[in-house]
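Asks:
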Amino acid sequence: MCPSRELRLDRLARLERLLDADAEREFAACIAEDFGCRSRVETVLAEAIFTRSALRHARAHLRRWMKPRRVPTSPIYWPGRSRLYRQPLGVIGIISPWNYPLQLALAPLVGVLAAGNRALLKPSELTPRFSQALAERIAAQFGADEVAVVIGDAEVGKAFAALPFDHLVFTGSTAVGRSVAQAAAKNLTPVTLELGGKSPALIDASADLARVAPRIAFGKLLNAGQTCIAPDYVLVPRALRADLVEHLRRAVARLYPTIHGNPDYTSIISERHWQRLRDLLADARARGAQVIELAPAGEAAGTRKLAPTLLLDVDDSMRVMQEEIFGPLLPIVAVDSERDALAYVNARERPLALYWFGSDRAARERVLTGTIAGGVTINDTLLHIAQESLPFGGVGPSGQGHYHGEYGFRQFSKEKPVFLQSRWSGVSLLYPPYRPFTEKMLKLLARIS
-2 MCPSRELRLD
8 RLARLERLLD
18 ADAEREFAAC
28 IAEDFGCRSR
38 VETVLAEAIF
48 TRSALRHARA
58 HLRRWMKPRR
68 VPTSPIYWPG
78 RSRLYRQPLG
88 VIGIISPWNY
98 PLQLALAPLV
108 GVLAAGNRAL
118 LKPSELTPRF
128 SQALAERIAA
138 QFGADEVAVV
148 IGDAEVGKAF
158 AALPFDHLVF
168 TGSTAVGRSV
178 AQAAAKNLTP
188 VTLELGGKSP
198 ALIDASADLA
208 RVAPRIAFGK
218 LLNAGQTCIA
228 PDYVLVPRAL
238 RADLVEHLRR
248 AVARLYPTIH
258 GNPDYTSIIS
268 ERHWQRLRDL
278 LADARARGAQ
288 VIELAPAGEA
298 AGTRKLAPTL
308 LLDVDDSMRV
318 MQEEIFGPLL
328 PIVAVDSERD
338 ALAYVNARER
348 PLALYWFGSD
358 RAARERVLTG
368 TIAGGVTIND
378 TLLHIAQESL
388 PFGGVGPSGQ
398 GHYHGEYGFR
408 QFSKEKPVFL
418 QSRWSGVSLL
428 YPPYRPFTEK
438 MLKLLARIS
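Following my numbering, the numbering of the sequence shown begins with -2 at its first residue and continues without gaps.
This is the structure:
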């Protein structure tokens, strides 16, 4: 049975009640505890407001999304008509990560509920306080046969991915995404994979570095770089590298004058992730990279706060240029030409995001048409993901499928083709027994089809 528009709107309204002022405070406090330090402002800005916007967009446009759509009918089948009806898939599984635990659990859920489905959520075990709060608040708003939350460790996550869902959404690393896709394939469950990769920021010779640096710094250091679409490395004309480094120094100093005692600067989620980032730094140093910490030496000692760090003279032998960083480390690669920059990007796996800075429109178009990426922001970072009128998703190793706005509604719907025959059917002229007239009709159809 296809849920009515009224029921879908009611479910979306109940989901929005999960983001009232009291819930917002609780979620922000739980996330801060899970991370060790994370600003309430950062959680509200990057998670609560984002999700609330998605909900309101869906409610405003749901009538149009649900309306059956007329599509052309081949003249040989006139006066019959063709329609597309969007129907729910059924029960959708959502495996959400720890880095933006509220947004990445609820944003796909908006599309799932708008499309008339039910959902089962598996949040990350690395944010246990948040996951428990989410489970309790969802249980207070939804029946267990509408939306429910499963809490557990990685083994529970593996079992979850193997359930016979009608669709499965996973957000996380490419390596785990492959395992999830393999588990889902045993049930022929279609998957939406929002993964990651190394998202480049390309700086054109026409760019104003005084404007560029704060925007790159903000995009990189939001959530301490633990963002799937954060700029992973920068490509800059060789002649501008020194100036860019200086502008980044100033920008970071303005955004985060201190690190250790600064409530605005987020901690790394766990000791394991902290050590992984330290190992990336040690490997880069050992292989000859110039490491520039943009904070007083040793200030963050004894915490999981890792200082914003620039890496110069990097090469492909270094792990930091092979792996997704997912932290506040920013390699800067000097290039000799735009052609070299494009070749550098295209020689690597297709990224989840790409950023370009400059005022040269022709150069901008060359980059847009000469690269493939999941999404692009021009002259800023991150902001394409905040547009409900744009799809969010990767390509190749950075993901498959997409959601947000109508794109999510369509992703979680089955477009059911319907042909409506009229009282008179021209096809009846082709019924057996076949006669010479039938041959004439075939010749006519060959000309007009």
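For every residue, glycine included, the Cβ atom is placed at its ideal position computed from N, Cα and C.
Computed from a predicted structure; not experimentally measured.
With burial defined as no fewer than 16 other Cβ atoms inside 10 Å of the residue's Cβ, what is the status of N343: buried or exposed?
Replies: Walking along the sequence shown from the start, residue 343 turns up at place 346. Exposed, by the Cβ-count rule.
Asks: Less than 7 Å between the C-beta atoms of G423 and G391, yes or no?
Replies: Reading the sequence shown from its first residue, position 426 is the one you call residue 423. Reading the sequence shown from its first residue, position 394 is the one you call residue 391. Going by C-beta atoms, G423 is not nearer than 7 Å to G391.
Asks: What are the boundary residues of the alpha helix (DSSP H) that includes S179?
Replies: Taking the sequence shown and counting its residues from 1, the one referred to as residue 179 is at position 182. First, the amino acid is wrong: residue 179 is Gln here, not Ser. Counting along the chain, the alpha helix (DSSP H) containing Q179 begins and ends at T171 to A182.
Asks: Who pairs with K413 in a beta bridge, going by DSSP?
Replies: For this step, residue 413 is matched to residue 416 along the sequence shown. Per DSSP, Y82.
Asks: For V147, name the three-state secondary structure that DSSP assigns.
Replies: One-based indexing of the sequence shown puts residue 147 at position 150. It is coil, neither helix nor strand.
Asks: Would you call the CB atoms of A178 and V166 closer than 7 Å?
Replies: As a working note, residue 178 is residue 181 in the sequence shown. As a working note, residue 166 is residue 169 in the sequence shown. No, the pair does not count as a contact, with Cβ atoms beyond the cut-off.
Asks: Answer with buried or exposed for P69, where buried requires no fewer than 16 other C-beta atoms within 10 angstroms of its C-beta.
Replies: By 1-based counting over the sequence shown, the position of residue 69 is 72. With fewer than 16 Cβ atoms within 10 Å of its Cβ, P69 is classed as exposed.
Asks: Do A204 and G367 have their beta-carbon atoms positioned less than 7 Å apart in this structure?
Replies: As a working mapping, residue 367 is identified with position 370 in the sequence shown. As a working mapping, residue 204 is identified with position 207 in the sequence shown. In this structure, A204 does not lie closer than 7 Å to G367 by Cβ.
Asks: Decide if Y400 is buried, meaning its Cβ has at least 16 other Cβ atoms within 10 Å, or exposed.
Replies: Residue mapping note: residue 400 aligns to position 403 of the sequence shown, counting from 1. Buried: at least 16 other Cβ atoms inside 10 Å.
Asks: Pick out whichever of K302, E362, R61 and L160 has its Cα sitting closest to the Cα of N220.
Replies: Working through the sequence shown from its first residue, we reach residue 220 at position 223. It is K302 whose Cα lies nearest to the Cα of N220.
Asks: In chain order, what residues of the same chain lie with their CB nearer than 6 Å to the CB of I375, ignoring the 5 residues before and after it?
Replies: By one-based count along the sequence shown, residue 375 stands at place 378. Excluding residues within five positions, the ones whose Cβ falls inside 6 Å are W353.
Asks: Evaluate T40 with the Cβ neighbour count: other Cβ atoms within 10 Å of its Cβ, from every protein chain shown; 16 or more gives buried, anything less gives exposed.
Replies: Counting from 1 along the sequence shown, the entry for residue 40 is found at position 43. Per the 10 Å Cβ criterion, buried.
Asks: Does the separation of the CB atoms of R35 and A29 fall below 7 Å?
Replies: Taking the first residue of the sequence shown as 1, we reach residue 35 at position 38. Taking the first residue of the sequence shown as 1, we reach residue 29 at position 32. A contact, by the Cβ cut-off of 7 Å.
Asks: Quick one: any contact between the segment 103 to 118 and the segment 401 to 421, if contact means 3 or more CB pairs under 8 Å?
Replies: As far as the Cβ criterion goes, the segment 103 to 118 touches the segment 401 to 421, which means the pair count is three or higher.
Asks: Helix, strand or coil for L308 per DSSP?
Replies: Taking the sequence shown and counting its residues from 1, the one referred to as residue 308 is at position 311. Reduced to three states, the DSSP call for L308 is strand.
Asks: Which partner residues does T168 have in the DSSP bridge list?
Replies: Counting from 1 along the sequence shown, the entry for residue 168 is found at position 171. Partner(s): E191.
Asks: Which of the three DSSP states is assigned to V231 in this structure?
Replies: The residue given as residue 231 occupies position 234 in the sequence shown. Residue state, collapsed to three classes: strand.
Asks: What first and last residue would you give for the alpha helix (DSSP H) that runs through G408?
Replies: Counted from its first residue, the sequence shown places residue 408 at position 411. Correcting the residue identity first, residue 408 is Gln in this sequence and not Gly. Unbroken alpha helix (DSSP H) run through Q408: G402 to Q408.
Asks: Report the three-state DSSP secondary structure of P211 (helix, strand or coil).
Replies: The sequence position of residue 211 within the sequence shown is 214, counting from 1. Three-state result, P211: helix.
Asks: Tell me, to the nearest whole angstrom, how far the beta carbon of L12 is from that of L103; I am working on the premise that it is less than 8 Å.
Replies: Taking the first residue of the sequence shown as position 1, residue 12 is located at position 15. Taking the first residue of the sequence shown as position 1, residue 103 is located at position 106. Yes, L12 and L103 are in contact; Cβ-Cβ is about 7 Å, under 8 Å.
Asks: Answer yes or no: the CB of G154 versus the heavy atoms of the ligand MN, is any distance below 6 Å?
Replies: In the structure shown, the ligand MN is absent, as is every other ligand, since no ligand is present at all.
Asks: Can you have a look at Q408 and say buried or exposed, based on whether 16 or more other CB atoms are within 10 angstroms of its CB?
Replies: For the purposes of this step, residue 408 is taken as residue 411 along the sequence shown, with counting starting at 1. Q408 is buried by the Cβ-count criterion.
Asks: Should R8 be labelled buried (16 or more other beta-carbon atoms within 10 Å of its own) or exposed?
Replies: Within the sequence shown, numbered from 1, the residue matching residue 8 stands at position 11. Burial call: buried.
Asks: With respect to the beta strand (DSSP E) encompassing L351, which residues constitute its N-terminal and C-terminal limits?
Replies: As a working note, residue 351 is residue 354 in the sequence shown. Residues L351 to F354.
Asks: Pull up the distance between the alpha-carbon of L206 and that of L6, whole angstroms please.
Replies: As a first step, residue 206 must be located in the sequence shown, where it is residue number 209. As a first step, residue 6 must be located in the sequence shown, where it is residue number 9. Their backbone Cα atoms lie some 46 Å apart in a straight line.
Asks: Beta carbon of L101, beta carbon of G396: below 7 Å?
Replies: Walking along the sequence shown from the start, residue 101 turns up at place 104. Walking along the sequence shown from the start, residue 396 turns up at place 399. Cβ distance not < 7 Å, so L101 and G396 don't count as in contact.
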